[in-house]
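Chains A and B supply the protein sequences, listed in that same order. Adding 1142 to a residue's 1-based position in the first sequence gives its number in the working numbering. Adding 192 to a residue's 1-based position in the second sequence gives its number in the working numbering. Note that the Cβ used here is the ideal one computed from N, Cα and C, for glycine as well. Remarks on the structure that follows.
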Amino acid sequence: MKKTTKKTQEQPQEEVTKPAAPVMLKVEITAPRAKVGSCICAKGAVISITKEQADALVGAELAKIIGI
Amino acid sequence: MAAQYYLQKRIIGGFADFIPHGETVDALTTSPTVIPDDDPVENWTDYNLGCVQDVQFDSETEDEEDYCPAETGGYSKTITRTTVRDTMTLTLKDHSEPIFRLLFGLNQKLTGATGQQPFENLGDREITGWLRLRGVGSAAEALAIVKVEVKMRISDYPGWNQTAAKPVVELEVIANTLNDLTDDAILTA
């Protein structure tokens, strides 16, 4: 028996782009208390958060950026 | 203050949530300076120790005696009392991960996924973390909520036998800077 092969049309591959990893910054809390996400951070806490969160905290004079 | 405050049995028991330091809550690692908030409530209830059948409060004090000459002759003695340690002792109905971790002397969190060495911890078998203790009334309302940083140890364990094993844990207060004792109507109850 003769084998028949079906020709399949090549479909153009869709480009899969990975979402860029958020830039994380290390900040130190300088206020007595600051709310970050669903946590409360006390003065001296060193946490790693997104750039947007860090900008908001620094803008409100609640924290300072100490590294990445 | 209503008179029945002294007559009614208002707090009938409690619920305790204990978050060991190093847990991840909302992408942050809990520590002495990072404390989970109440919103969402799962921040705490995911770490529930279960029903608390009995709560005992205890304070350890030290006295210092001073003798001074009295104006009228002889000596006058004064005692200066200092509170050096506060503990809460909870009798639990249920077992949870921290109980097994302490009971089996594990150095790490009990995961169940990989084999762990039992009775490896030869030091002080304790877990440090944040406690949320809710005293509840007979109408299922939380009358008082306290959050403190504590060291948890097993103070009494009845053993495995024909009766239900109810672990007793001692929680030593090590920080109370959060100022988070919430009066939810206990004073006006």
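Query                                                                                                                                                                                   : Result
Anything in the region 229–247 of chain B with a Cβ closer than 7 angstroms to a Cβ of chain A? List those residues in chain order, please.                                             : ASP229, ASP231, PRO232, ASN235
Straight-line CA distance for A:LEU1199 to B:LEU220?                                                                                                                                    : 15 angstroms
List, in chain order, every chain C residue whose beta-carbon is nearer than 7 angstroms to that of B:LEU220.                                                                           : Absent here is chain C; the protein component of the structure consists of chains A and B.
With B:TRP322 as the anchor, note down where its beta strand (DSSP E) starts and where it stops.                                                                                        : 319–329
Given B:ASP246, which residues of its chain have a CB within under 6 angstroms of its CB, disregarding the five upstream and five downstream residues?                                  : THR283
With DSSP run on the structure shown, which of helix, strand or coil describes B:ASN368?                                                                                                : coil
Listing by chain order, which chain B residues have their CB less than 7 angstroms from the CB of A:GLY1186?                                                                            : THR225
Identify whether B:THR272 lies in helix, strand or coil by the three-state DSSP scheme.                                                                                                 : strand
Would you grab the beta carbon distance between B:VAL217 and B:PRO228 for me? Rounded to a whole angstrom, and I think it's under 8 angstroms.                                          : 4 angstroms
Please confirm if the region 270–278 of chain B is in contact with the region 301–313 of chain B, defined as three or more CB-CB distances below 8 angstroms between the two stretches. : no
How many Å lie between B:THR306 and A:ALA1184 at the Cα?                                                                                                                                : 35 angstroms
In the DSSP output, what is B:GLN248 paired with across the bridge?                                                                                                                     : B:THR281
Using C-beta distances below 6 angstroms, list every residue in its chain close to B:GLY321, excluding the 5 sequence neighbours before and after it, in chain order.                   : PHE210, ILE211, PRO212, HIS213
Output yes if chain A places a C-beta closer than 8 angstroms to the C-beta of B:VAL338; else output no.                                                                                : no
Starting from B:ASP348, follow the beta strand (DSSP E) in both directions and report where the run begins and ends.                                                                    : 334–348
A:ILE1207 to A:LYS1177, Cα distance in whole Å?                                                                                                                                         : 16 angstroms
Comparing the C-beta of B:VAL217 with each C-beta of chain A, is any distance below 8 angstroms?                                                                                        : yes
Does DSSP put B:PRO212 in a helix, in a strand, or in coil?                                                                                                                             : strand
What residue range does the alpha helix (DSSP H) around B:PRO290 cover?                                                                                                                 : 289–295
Per DSSP, A:GLU1170 is paired with what?                                                                                                                                                : A:VAL1188, A:LYS1206
Do A:PRO1161 and A:THR1192 have their C-beta atoms closer together than 8 angstroms?                                                                                                    : no
Suppose contacts are defined by Cβ-Cβ distances below 8 angstroms. Is B:ARG277 in contact with B:GLU252 by that definition?                                                             : yes
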